[in-house]
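> So the protein sequences, as listed, match chains A and B.
Per my numbering, residue 560 is the first one in the first sequence, and the count goes up by one each step.
Per my numbering, residue 87 is the first one in the second sequence, and the count goes up by one each step.
Please read through the structure below; I'll follow up with questions.
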Amino acid sequence: MSASTLFEKIWRAHEVVPESAATPAVLYIDLHLIHEVTSPQAFSLLRSLGLKVRRPDRTLATMDHSTPTQSDQVFGRVPIKIDAAARQVRQLEENAAQFGVELFGMRDARRGIVHVISPELGASQPGMTIVCGDSHTSTHGAFGNLAFGIGSTEVGHVLATQCLLQRKPKTFAVNVEGELSAGVTAKDLILAIIGRIGVSGGTGHVLEYRGSTVRALSMEQRMTVCNMSIEAGARAGMIAPDETTFEYLKGLPRAPQGEAWEASLARWRELKSDPGAAFDACVGIDASGVEPMITYGTNPGMAVPIGATIPECGTDAVAAKALGYMGFRGGDAMLGKPVDTVFIGSCTNGRLEDLRAAAGVLKGRKVAPGVHLLIVPGSQQVKRQAEAAGLAQVFKSAGADWRESGCSMCLGMNGDTVGAGRYSLSTSNRNFEGRQGVGARTLLASPLTAAASAVRGRITDPRELL
Amino acid sequence: MQPLRMVRSRTVVLPLTNVDTDQIIPARFLTTTTKEGLGRELFSDWRYRSDGTPDPQFALNRPEAQGAQVLVAGRNFGCGSSREHAPWALLDYGIRAVISTEIADIFRGNALKNGLLPVTVDESTAAWLLANPGACVSIDLEAARLELPNGTGVVFPIEAFARHCLLNGIDELGYLRGKLPDIERYESTRASRES
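Laid out in structure tokens, this is it:
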């Protein structure tokens, strides 16, 4: 057989029926992740057709998007404040019970953001196909699998058949070489990549991140990179598994154990693009030139090195609208601009390493007066680990607001929002208009930049505080 | 699903690139557990002023845009979140087709599954449409052809199976369930290979 890419190997292994000119492939799905916001209509579809969930053993549900982050609401001492969110939570509880789907509910110690908990359980494994009614499903590709977001109708298709109708996407190699400088993180790298290929540069493609820089990243850093593949328009992002991957997975509750582990390892070691495998597109990135990045506009491609000035928009009316929304002018320096809210969390940057990085900056320092620093762990497990490691104490001593896990201020569905016209420096993934609340102005950056800027109350190069 | 063959309408133009699904339907409206009623909140943060009244400057609020079923927008329409609430909101409002030079992958898939036509066209056709709001166009799904008021036709790409399903009112889930014997065979072959 001719040289194949990692993507092609995984795709072929999951073709129940290959595609033809007239029909898309029937693609088998190994793991289906579900949450409260995009699943209700899918369960309604099943109910209306009298269908069952075909493979509850390949289905895992949790609640994260609309759930509160205040302990008293999470643990039921007071009702969930937003009625519609409470209804959604109840609906998922009922659906999971009726259809026999495993649910990590509100008070479950394993609950958290769906893209944080599946990896920490060891459920996201190399070679799999993973889907979820959420575009950041690309996160799981860090383990060398094909993971992508789907709509609610497709959630229904997977529930009913464990398969999806899919056209084969194209492949796109992102080759990253060189060493990241001190103070430059995986978040900065992916913002630089998106800045380079553009917010629709990956449309129709699956990105494979390759090269020495990627190999040197930890699993949590790899997840940050793959997570934002969708912000380049890509269908998915993936990284071939290696010893770092296997080390991370070994012994996790849902990872194969004993003999099954050895058999899985043998299979997983084959999961890489063959030498000479052809990609439909490619780009080369020099990691040593990447600086801490920050966005200045209303999509993640509008990013600059933190020390840079905002590009002039000239006659570009769309860029002018973005700058108008942000209250910025072309030629302004990013450094020193005031921030009102700092959010550290999300499926992009809500893992233990992210919190550790933030704590490194915040230790012995205080959040600037008037700044609200909201830190939301990606999962209840991350929360416990951060508390055991003393990170939570650092956050509280600095004056941060330390919460229960969830998507929280990344999309503001649960009431954790930024006020109109206020500036939010956020470690999340989208700076769209109103994403963090009506009129909120979002600046995306790394946890290091977020922590440093919270301390100074203005946009700060984290390298000044390391 | 009802068969869909033709959309004939005046256009409403949103001359913006990278219109994301958070703009089409903001996250705070996703706490619904049904598909209905989302049209009211379509483009909510652009359509309504902070006091809740319609912003007369916004394209959809102009008198000439009333009843338009075809939305023309800049490149990369529907990027961002996978929320199917975006096509649900557009359809509930009365939009039947979206025209752009590029339409984001997940939005495109979601749109096709609900009978909202994603029509991608070349730069010069898009430029003309963006410059001529209210133009009467017709979209013939069978021929995969967009016809402009001067009679010029532009063929647009559309996935063959999705087109077949829309033209004939076929439900994709029905087709997929017809493949259950193949799915079972796949599962047993793979189980024996991996054990």
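Glycine residues also receive a C-beta, built at the ideal position from the N, C-alpha and C atoms.
List the residues of chain B whose Cβ lies closer than 8 Å to the Cβ of His-716(A), in chain order.
Those are Glu-258, Leu-259, Leu-262, listed as they occur along chain B.
> Between Ala-217(B) and chain A, is the shortest Cβ-Cβ distance under 8 Å, so that the two count as touching?
Not closer than 8 Å to any Cβ of chain A, the Cβ of Ala-217(B) fails to qualify, so no.
> Name the chain B residues whose beta carbon is nearer than 8 Å to that of Ile-709(A)?
Those are Ser-168, Ile-192, Gly-195, listed as they occur along chain B.
> Since Pro-267(B) meets chain A, which of its residues come closer than 9 Å, beta carbon to beta carbon?
Simply none; closest approach about 10 Å.
> For Thr-275(B), is the classification buried or exposed, using 16 other Cβ atoms within 10 angstroms of its Cβ as the cut-off for buried?
That one is exposed.
> Find the nearest neighbour of Asp-268(B) within the set Arg-781(A), Leu-586(A), Ser-983(A), judged by alpha-carbon distance.
Measuring from the Cα of Asp-268(B), the nearest candidate turns out to be Leu-586(A).
> DSSP has Cys-966(A) in a bridge; who is on the other side?
BP columns for Cys-966(A) are empty, so no partner.
> Taking DSSP as the reference, what is the three-state secondary structure of Lys-942(A)?
Lys-942(A): helix per DSSP, three-state reduction.
> Can you name, in chain order, every residue of its own chain whose Cβ lies under 6 Å from the Cβ of His-695(A), other than the five neighbours on each side?
Counting only Cβ-Cβ distances below 6 Å, and skipping sequence neighbours, we find His-674, Asn-786, Cys-906.
> Mind listing which residues of the region 560 to 592 of chain A have their C-beta closer than 7 Å to chain B's C-betas, in chain order?
Residues Val-575, Val-576, Ala-580, Ala-581, Thr-582, Pro-583, Val-585, Tyr-587.
> Which residues in the same chain have their Cβ closer than 6 Å to the Cβ of Gln-650(A), if we skip the five residues on either side of it in sequence?
Closer than 6 Å at the Cβ level, and outside the excluded window around Gln-650(A), lie Pro-599.
> Would you say Arg-606(A) faces chain B, with C-beta separation under 8 Å as the test?
False, the Cβ-Cβ gap to chain B never drops below 8 Å.
> Can you tell me whether DSSP reads Ala-862(A) as helix, strand or coil?
Ala-862(A) falls in the strand class under three-state DSSP.
> Is the region 174 to 189 of chain B touching the region 202 to 212 of chain B in the sense that three or more CB pairs, one from each, lie closer than 8 Å?
Contact holds: three or more Cβ-Cβ distances are below 8 Å.
> Nearest to Ala-948(A) by CA position, among Ala-916(A), Gly-958(A), Ala-927(A), is which residue?
Nearest option by C-alpha distance: Ala-916(A).
> To the nearest angstrom, how far is the alpha carbon of Ile-709(A) from that of Leu-723(A)?
Near 10 Å, if we compare the C-alpha coordinates of Leu-723(A) and Ile-709(A).
> Skipping 5 residues on each side, what residues in its chain have a beta carbon closer than 6 Å to that of Leu-914(A)?
The residues are Ala-945, Leu-950.
> In the DSSP output, which residue or residues are listed as bridge partners for Phe-163(B)?
Answer by DSSP bridge pairing, in chain order: Ile-189(B).
> Is Asp-108(B) close to chain A, meaning its C-beta is less than 8 Å from at least one C-beta of that chain?
Asp-108(B) counts as touching chain A.
> Give the straight-line distance between the Cα atoms of Glu-767(A) and Lys-831(A), rounded to the nearest whole angstrom.
About 10 Å.
> Can you pull the DSSP bridge partners for Lys-729(A)?
Answer is His-764(A).
> Could you tell me the alpha carbon to alpha carbon distance between Asp-178(B) and Leu-124(B), rounded to whole angstroms?
For Asp-178(B) and Leu-124(B), the distance between alpha carbons rounds to 6 Å.
> Is the beta carbon of Ala-892(A) closer than 8 Å to that of Met-861(A)?
No.
> Using the rule of at least 16 other Cβ atoms within 10 Å of the residue's Cβ for burial, across every protein chain shown, is Gly-886(A) buried or exposed?
The residue in question, Gly-886(A), is exposed, as its Cβ has fewer than 16 Cβ neighbours within 10 Å.
> For a contact meaning CB atoms closer than 8 Å, what does Tyr-179(B) contact in chain A?
In chain order: nothing, as chain A lies at least about 18 Å away.
> Helix, strand or coil for Ser-983(A), going by three-state DSSP, please let me know.
It is a strand residue.
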